[in-house]
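First comes the structure, then the notes that go with it.
In the working numbering, the protein residues as written are 1 to 620.
This is the structure we're talking about:
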C-alpha cells in the first residue's frame, strides 16, 4: 500500500487509504515489480527520504475526496484497475496564477460529478440493504410459522404485507449508471479537457456516441482530437484519466515595426585597450563616418497578427502591428522601396533629435588632442585649433587647420591647408592626395600628389608629384631634400652657412617612394618564403606559403603598374620641356638632381633657371 501511495502521490498528488492483510501486501509487491521492472533486491535500512513536492500541473485531492472514493469503489470491482491520471499534460510552463485557476476549476467540476454519483450509489445501497434485511426477516418468519404453526398477530401482519413491508421495498432494481464523460473548458477557451467516469452496476461502457454527445452539449467543435475521439472507448485507461480532447488556435498579436539602426544616436567616448590592458586615449571614436549611398538605418515592417479560435469555434481578434517612419534628416534620402535611409553624400552621421543627418564637414572647435582623440572622417575636416603631437587626422576630403601642426600625422584625401604652419620635430608625416598649402614647413616628411605652396621649407623630406612654390614670405628652402616632378620655384635655396640642401626634379616622387616601399616589402616576403620553405610539412606551413604567394603576386602586379605609370609620366614631362628649378638666389651646398644627372653648386648664384639640356644640367 505504501508503494501504491507513492505512485499515486507522484501521479496526481493524492494517496489512498491503508489496506490490510496479506492481500494488500501481495498486491503492492506485484505492482512494485511491474512498475519498476526490476528483480527483488536485498532489504537495506535507509534513512527516510524527504517527500518529493507535488507537480505544479497535477490536482491535489484529499483522501476523502469524492473522486478518490469513487475510484476506490471501482478498483474493488475491476482487477488491475489502471491508476488515475490527473495532470494537465504539457502545461508545465503555464504561469502559476493561470495554472492554479484551471486546476481549481477542474477540481470543482470533478467534485460535483463524483459527489452526485457517490450519492446515487449510497442511496441504492441503502435501499438494497433494507430490502435484504426485510427479506431475511420474512424468511425467518416463514420458518418460524412452519416450525411453531402460528405467529403473533404482529408477525402475521408483517408476513402478510400489512405491517409495512411492501413489494416496492422488496423489489429493488439493479443499479444502472452509464459511463459519464465530463468536458471542462479552460477560461481562455483554448483547451477542452475530458475525463470519463466508469459505469456502475449494469450501466453501459463508454461509447463514441457518448463523447460526441457531451462535446455537442459543450459546443466543442474546433481542434478536436479525432484520433482520441475514435479510439478512447477501447483504451484501458479510459476512465479516471484526464485527456486534452480539443485544442484551440491561440491568437498571435501583431508586432509593431521598429528601426534597425547602424549608427548610434548618441556617440560616447570608447577607450580601446591593447593586449597589455593599456587604454589608447588617442582613439576615442567620436566620429561616425558614412559613405555616400550607405545605409544609415532600416525600417523593419510590422508583423501582421493572426486571429485565434476557441475550441467552441469562436474567433479571437488579434491586434495589428503599427508601422514606423524612418528618421529622415539633412543629406539623407529614403530608398525606392521605402525601407532604408541612405546617405546622400559622404560625411559624418549625427542624430539631431528628430532624425539622422549627414554633415560633409566635421568642425573641431578647438585642438585635436586628448579631448577629441584621433580624427578619421570621410568628409572634409575643419580644425579651428592645433593638431597636438602624437595624434592623427585622416580624411578622404579636404583638411583645413587654423592653427599649427605639431609632431602629428595628417592625411587628406583632397587638399590640405595649414594656416600657421607645420613644426614637425622630425616626426610629423604630412600627406595630401591633392595640393598642400602651409605657412611654413619645418622638420617633417611631406607627401603631395598635387602642388605645394608655402613660405619656407626647413629641414624637410618632401615628395611632390606637382610643382613646389616657395615665393611668398621668406621664400626659403633650407636643408633636407625636396623632390618635385614638375619643378621648384623659390626665392632662396640653401643658406649662407652652406647647409646641404638637395633638390631632385622629375619622375613621380610619391609613386617612387611607394615603389621603393613596395620593393622592400617584396624583398621581405621573398626572404620569409625561403625560411618557410625550409620548415617541415604542416597545415600551418601550407597556409602560410599560400598567403605569402598571394601577397607576392599582388605586390608584383602593383609594381608593374607603377613602372608603366612612371614611364608614361616621364614622357609627358619631356614633352613639356622637363622639370625646372627657378630661384632668385642659390647658395653653395645646394645639390641639384635632374634624372640621373647631379650638380653641386659651389658658389652663390643669382637668378637661377636650371634644367636639362642635351643630357646635361645647365644654369641659365
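C-beta atoms are modelled at their ideal positions from N, C-alpha and C, and glycine is treated no differently.
Buried or exposed by the 16-neighbour rule on C-beta atoms within 10 Å, applied to residue i
i, result
"residue 606", "exposed"
"residue 488", "buried"
"residue 501", "buried"
"residue 449", "buried"
"residue 191", "buried"
"residue 197", "buried"
"residue 40", "Confidence is the limiting factor: at residue 40 the pLDDT is only 36, short of 50, which leaves the residue's position unreliable, though a coordinate-based value still follows. Residue 40 is exposed by the Cβ-count criterion."
"residue 472", "exposed"
"residue 576", "For residue 576, the pLDDT reaches just 47, beneath the cut-off of 50, and the residue's location in the model is therefore unreliable, although a value from the coordinates is still provided. It counts as exposed."
"residue 620", "exposed"
"residue 483", "buried"
"residue 332", "buried"
"residue 393", "buried"
"residue 63", "exposed"
"residue 44", "Low confidence applies to residue 44: its pLDDT is 43, below 50, so where it sits in the model is not reliable, and the reading given next is rough at best. Label assigned to residue 44: exposed."
"residue 601", "buried"
"residue 618", "exposed"
"residue 76", "exposed"
"residue 343", "buried"
"residue 485", "buried"
"residue 413", "buried"
"residue 542", "exposed"
"residue 467", "buried"
Reference residue i, options the options, closest by Cα
i, options, result
"residue 287", "364, 237, 309 and 249", "364"
"residue 558", "501, 509 and 522", "522"
"residue 442", "429, 117, 611 and 310", "429"
"residue 116", "527, 531, 338 and 180", "180"
"residue 372", "197, 391, 360 and 354", "391"
"residue 397", "434, 562 and 473", "434"
"residue 464", "444, 432 and 531", "432"
"residue 340", "293, 135, 109 and 382", "293"
"residue 68", "484, 531 and 84", "84"
"residue 444", "455, 451 and 424", "424"
"residue 244", "59, 201, 89 and 233", "89"
"residue 124", "200, 412 and 290", "200"
"residue 603", "617, 585 and 618", "585"
"residue 101", "62, 76, 515 and 188", "188"
"residue 547", "535, 529, 564 and 563", "529"
"residue 218", "143, 228 and 193", "193"
"residue 470", "202, 486, 439 and 130", "439"
"residue 426", "419, 409 and 436", "409"
"residue 387", "420, 361, 537 and 414", "420"
"residue 111", "240, 229 and 129", "240"
"residue 415", "389, 407 and 446", "446"
"residue 237", "82, 309 and 535", "82"
"residue 362", "370, 382 and 369", "382"
"residue 223", "185, 203 and 545", "185"
"residue 512", "565, 451 and 533", "565"
"residue 267", "256, 289 and 252", "289"
Anticipated Cβ contact below 8 angstroms, residue i with residue j, distance rounded
i, j, result
"residue 330", "residue 312", "Contact flag wrong, Cβ pair sits at about 57 angstroms."
"residue 210", "residue 120", "No, residue 210 and residue 120 are not in contact; Cβ-Cβ is about 18 angstroms, not under 8 angstroms."
"residue 422", "residue 405", "4 angstroms"
"residue 206", "residue 86", "The Cβ separation is near 18 angstroms, so there is no contact."
"residue 113", "residue 182", "5 angstroms"
"residue 304", "residue 338", "About 17 angstroms separates the two Cβ atoms, so there is no contact after all."
"residue 560", "residue 525", "Their Cβ separation, rounded to whole angstroms, is 16 angstroms, which puts residue 560 and residue 525 out of contact at 8 angstroms."
"residue 322", "residue 355", "Going by Cβ atoms, the distance from residue 322 to residue 355 rounds to 19 angstroms, so no, they are not a contact pair."
"residue 351", "residue 481", "Not really, about 48 angstroms apart at Cβ, beyond 8 angstroms."
"residue 353", "residue 366", "At roughly 24 angstroms, the Cβ-Cβ gap does not stay under 8 angstroms, so residue 353 and residue 366 are not in contact."
Closer than 7 angstroms: residue i CB and nearest the ligand SAH heavy atom
i, result
"residue 441", "Ligands displayed in this structure: none; no statement on the ligand SAH is therefore possible."
Please confirm if the segment 493–510 is in contact with the segment 461–477, defined as three or more CB-CB distances below 8 angstroms between the two stretches.
-> Short answer: they touch.
The segment 543–551 in contact with the segment 460–471 per 3-pair CB rule at 8 angstroms | no
Inter-stretch contact at 8 angstroms, needing at least 3 Cβ pairs: the segment 335–351 / the segment 369–387 | yes
Contiguous beta strand (DSSP E) assignments of at least 3 residues, all confined to the segment 180–257 = Counting whole runs of 3 or more residues, the segment 180–257 contains the beta strand (DSSP E) stretches 180–185, 191–197 and 243–247.
Quick one: any contact between the segment 309–326 and the segment 234–249, if contact means 3 or more CB pairs under 8 angstroms?
-> yes
Inside the segment 537–608 only - beta strand (DSSP E) runs reaching at least 3 residues = 580–586, 590–594 and 597–600
Are the segment 259–266 and the segment 288–302 touching by the rule of at least three beta carbon pairs closer than 8 angstroms?
-> Touching, per the Cβ criterion.
Is the segment 510–521 touching the segment 612–620 in the sense that three or more CB pairs, one from each, lie closer than 8 angstroms?
-> no
contact_flag[the segment 583–596, the segment 504–515] where n(CB pairs < 8 angstroms) is 3 or more = Here the segment 583–596 makes contact with the segment 504–515; the two share three or more CB pairs at distances below 8 angstroms.
Complete runs of the alpha helix (DSSP H) confined to the segment 324–393 [at least 4 residues] | none
Counting only runs that start and end within the segment 283–323, where is the beta strand (DSSP E) found for 3 or more residues in a row?
-> 295–300
Taking only runs of the alpha helix (DSSP H) that begin and end inside the segment 96–161, which ones reach a length of at least 4 residues, in chain order?
-> 96–148 and 153–160
Which runs of the beta strand (DSSP E) spanning at least 3 residues fall entirely within the segment 421–454, listed in chain order?
-> 422–432, 436–438, 441–448 and 452–454
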